[in-house]
Amino acid sequence: MNDNIYVFSRTINRMSEDELRSILRVLYMKSGHVVKRQEEQGEKVDFAEAVQSLFRNMDTPFDLGRLEQQALAEVDKPNEIHITFGESPLSSLKMGMSTLPDQEKRSFFSIDDNYAVGPLGDLTRRADLQRRHLWLTERMCLNDREAYGMHELESLFELNATIQSFDSKTSIIIWYANNAREKTGLLYALYLLRNSESPIYLIETSDLYKQLFDRPDVQYDVLHTGEILPQKLLAMWHVCSEQEPLSKQERRQLEQDWLELSVQPGLLRMMENGVIRSLTEDALDEYIMQKVRELTPNWELGKYIRAARIVGEVIGTSSQHISDAFVEYRLRQLVLQGQLEMDGKPLAMRYYSIRLTER
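Following this note's numbering, the numbering of the sequence shown begins with 186 at its first residue and continues without gaps.
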């Protein structure tokens with residue numbers, strides 16, 4: 186039930202007004218049917234009556250915010266909320282912890298936006314959030330742009346409200362790897378939680394993985410948390426379950442780190458010696474061109490190479506976790522600049538191919 190509240194909030198934010206009205210009509214009819222049947226049988230269920238009461242009073246002024254807070258107060262609060270950055274690590278973490286007892290006391294939440302790319306600023310302000318959303322929307326692959334433009338902005342607004350609504354008695358555990366996306370997301374999440382009295386725990390998966398699972402004959406560098414198997418995430422949790430929460434001083438420092446990072450002008454963030462660095466958006470262009478030049482001899486002279494193949498090569502050979510959507514965006518920019526040629530339509534990377542410009 187705890188998990189479903191956050192999922193439900195995201196779902197309704199992505200619905201159109203017509204869809205929401207339709208759901209209300211269905212809820213009205215179903216609750217009315219239950220109330221009628223219970224009256225006929227001499228029974229009564231408080232939930233159905235409460236729903237009907239809400240509908241009966243819809244034509245009179247009432248405080249929706251207060252009603253929602255009352256409803257939330259009736260829901261059992263989780264003892265723990267686990268936060269990840271992206272659906273992939275969230276799914277793995279849920280699977281790994283599914284064998285633990287007291288599942289109803291544990292909730293999971295994902296911050297999906299990739300804060301390693303695009304403008305930041307004060308994302309608690311609507312104007313800065315809209316500016317970021319517009320930048321991302323204009324640069325998304327054409328096939329995904331409409332869906333992103335319609336749905337993701339409201340999800341970003343909902344994120345701020347949801348994180349700030351966590352109960353003060355609930356422990357918050359944030360999982361992150363040593364990459365720009367997850368570390369930037371971590372700083373933003375901590376800034377959103379700056380007024381929270383909840384104890385906050387951090388689990389840095391990259392170094393912890395090495396400590397627990399590397400052997401003399403096998404070493405593995407974790408680029409992002411989504412790479413880690415569910416059972417290994419569970420083992421990490423057992424190791425970290427007794428650690429101390431962040432101190433107030435540590436939290437203030439991380440919040441300050443966010444404030445400093447968010448005003449830097451770069452549109453791409455990458456790790457450098459363990460520190461997040463803001464770079465210009467073309468910082469990866471030469472690396473992308475290098476990979477195109479390396480792949481070209483493997484194809485017939487003048488033959489085009491699938492864009493997805495190039496994007497995969499860039500991501501697969503990089504020592505850092507990089508967004509495939511951002512690499513694909515830069516690939517299209519290199520075409521516009523005349524450094525590469527395109528064959529096909531840039532609806533998505535699987536629909537077009539690339540080659541070096543013939544001089």
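Positions of the beta carbon are idealized from the N, C-alpha and C atoms, including for glycine.
Cutoff 7 Å; reference residue i; Cβ partners in own chain excluding five residues on either side
i: D399; result: Y405
i: A170; result: Residue 170 is absent from the structure shown; the chain starts at 186 and stops at 544.
i: D470; result: R515, L519
i: G281; result: P415, Q416, L418, L419
i: Y373; result: Y300, L308, W443
i: R491; result: S538
i: D528; result: Y489, Y537, S538
i: I348; result: A374, L377, L378
Run of the beta strand (DSSP E) containing residue i, from where it starts to where it stops
i: T269; result: 265-269
i: R540; result: 537-541
i: S356; result: 356-361
i: L387; result: 385-389
Check whether residue i and residue j have beta carbons under 8 Å apart
i: L525; j: R540; result: yes
i: F270; j: R366; result: yes
i: L519; j: M474; result: yes
i: I359; j: T390; result: no
i: Y386; j: P430; result: yes
i: I266; j: S283; result: no
i: I500; j: V477; result: no
i: I357; j: I268; result: yes
i: T410; j: P263; result: no
i: I461; j: L480; result: no
i: S350; j: E382; result: no
Assigned exposure category for residue i - 16 Cβ within 10 Å defines buried
i: E204; result: exposed
i: S216; result: buried
i: H506; result: buried
i: T465; result: exposed
i: K368; result: buried
i: T542; result: exposed
i: L532; result: exposed
i: A362; result: buried
i: L377; result: buried
i: R206; result: exposed
i: R437; result: exposed
Nonlocal neighbours in the same chain, by C-beta distance under 6 Å from residue i, ignoring five residues either side
i: Y394; result: V407
i: R317; result: G303, P304
i: D307; result: D313
i: L321; result: G303
Neighbour flag for residue i against chain D, beta carbons, 8 Å
i: I268; result: Although the question refers to chain D, the structure presented lacks it and comprises just one protein chain.
Extent of the continuous alpha helix (DSSP H) to which residue i belongs
i: D528; result: It is not in any alpha helix (DSSP H) - D528 instead sits in the beta strand (DSSP E) that spans 525-529.
i: S350; result: Element bounds for S350: n/a, residue is neither H nor E.
i: E479; result: 470-480
i: R324; result: 311-324
i: I296; result: Note, I296: premise wrong, no alpha helix (DSSP H); not H, not E.
i: V496; result: 492-502
i: S277; result: 272-282
Neighbourhood of residue i by C-beta distance below 8 Å, restricted to the same chain and skipping five residues each side
i: S508; result: N299, A301, V302, R366
i: I388; result: I358, I359, W360, Y361, M421, W422, C425
Entirely enclosed beta strand (DSSP E) segments - the stretch 405-468, minimum 3 residues: 453-457, 460-464
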